[in-house]
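To start, the structure under review is shown below, and the notes come after it.
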Amino acid sequence: MGEQEFETPVPADLIQRLRRKVYNLQMLPAVAMQALELAQDPDCSIAELTRIVEQDLKLSTFVLRVANSALYAGPTAVASLPQAISWLGLRQCREFILSAGMDSLSARLTGDLRSRRELLTRHGLLTGLIAARINRQLSLGFEGEEFTAGLLHDMGRTLLAIAVPERFRSIDPLDFHEADDIERREHSMIGTSHTNFGEWFAQWNELPEALVVAIRHHHSPGRAPAHTRLAALTAVADQIANHIQRAEPADAVDWGTNSALRLLEESGAAHAVLRVRQAMETLTVECPNAADSILAA
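Sequential numbering of the sequence shown, starting at 9, is according to the numbering used here.
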């Protein structure tokens with residue numbers, strides 16, 4: 009994939025358009041913010057976190073769905089929220105609480121953009137699940153942030169759909185054939201890219217630096233100023249998700265020449281290229297099934 013760097017700020021008129029459509033730019037609902045703050049306390053108990061999370065039906069449902077997904081499920085089904093939080097652990101739950109904010113943002117896409125919302129939601133979920141699977145396979149050491157980065161990496165596309173719905177189809181056909189110059193093309197059309205717009209929104213919401221970097225550099229991980237491994241993992245997962253959503257066979261892409269995958273290997277992930285290539289057939293079956301089970305639950 010090609011890598012371009014654009015430091016031009018998000019145009020003020022684009023931000024104004026977004027503000028007119030979204031009264032409150034706060035990404036997380038009040039209950040999720042409270043739960044996130046509590047989950048960051050190492051002395052937080054499962055009972056305390058459960059009492060907060062269960063106040064938000066969407067949030068508690070999301071945590072239960074993920075706990076029962078193929079990627080995280082144990083030998084028996086998780087039937088209650090306390091069980092889910094206990095099984096996933098506080099750090100994983102913290103990441104999933106953060107991820108849940110994407111649902112409140114994408115809910116702004118209504119009417120004829122509803123089908124695009126569904127495509128973007130599935131793409132983010134697929135990318136997060138693939139990133140989590142590769143993280144385990146390569147023992148990269150992430151503890152949930154890889155799932156969050158995958159889920160949120162394309163939030164800039166959702167923001168564009170909200171801010172300029174009348175132009176979104178021409179800006180982003182959502183066919184998952186992402187050209188090397190995607191950022192340059194977007195920049196020529198609207199003065200910014202979905203990666204810049206997502207970065208701005210993530211910074212405005214004071215998301216962790218690692219997530220901001222992954223959002224900004226999932227098309228250019230080699231240019232990431234820090235957190236290169238997370239940016240590279242997000243890039244690889246994004247490209248595999250694109251491949252799946254193009255409905256191509258597992259061997260249709262030569263992953264051996266993938267620059268983001270090679271960057272992962274250079275960062276210390278031994279035999280990353282070979283191991284991901286060998287896992288492609290499994291990834292392209294299991295991750296879509298897991299995504300579908302979460303979305304359908």
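Note that CB positions come from ideal geometry on N, CA and C, so glycine has one too.
In this text, all values refer to a predicted model and were calculated from it rather than measured experimentally.
Residues near Leu4 in its chain [Cβ-Cβ closer than 6 Å; skip 5 each side] | This structure does not reach residue 4, given that the chain is present from 9 up to 305, and the question cannot be answered.
Taking Leu52 as the reference, give the member of Arg102, Ser267, Leu117 with the closest Cα.
-> The sequence as given places Cys at residue 52; Leu does not occur at that position. Of the listed residues, the one whose Cα sits closest to Cys52 is Arg102.
Where Gln247 sits in the DSSP three-state scheme | helix
Is Val261 helix, strand or coil by DSSP?
-> coil
Report the three-state DSSP secondary structure of Ala38 (helix, strand or coil).
-> helix
Return helix, strand or coil for Phe184, following the three-state DSSP convention.
-> It is coil, neither helix nor strand.
Determine the contact status of Arg198 and Val220, defining contact as a CB-CB distance below 9 Å.
-> Reading off the sequence shown, one finds Ile at residue 198, where the question assumed Arg. No, these two residues do not count as a Cβ contact at 9 Å.
Would you call Thr84 buried or exposed, if buried means 16 or more other Cβ atoms sit within 10 Å of its Cβ?
-> exposed
Cβ-Cβ separation, Ala268 to Gln247 (assumed contact under 8 Å), whole Å | 7 Å
Determine the contact status of Leu72 and Leu89, defining contact as a CB-CB distance below 9 Å.
-> yes
Are the beta-carbon atoms belonging to Leu127 and Leu215 less than 9 Å from one another?
-> no
Could you give the distance in angstroms between the alpha-carbon of Ser94 and the alpha-carbon of Ile54?
-> Distance from the CA of Ser94 to the CA of Ile54, rounded to the nearest whole angstrom, comes to 7 Å.
Using the rule of at least 16 other Cβ atoms within 10 Å of the residue's Cβ for burial, across every protein chain shown, is Gln100 buried or exposed?
-> Per the 10 Å Cβ criterion, buried.
Taking the alpha helix (DSSP H) that Ser77 falls in, what are its first and last residues?
-> Per DSSP, Ser77 belongs to no alpha helix (DSSP H) and is neither H nor E.
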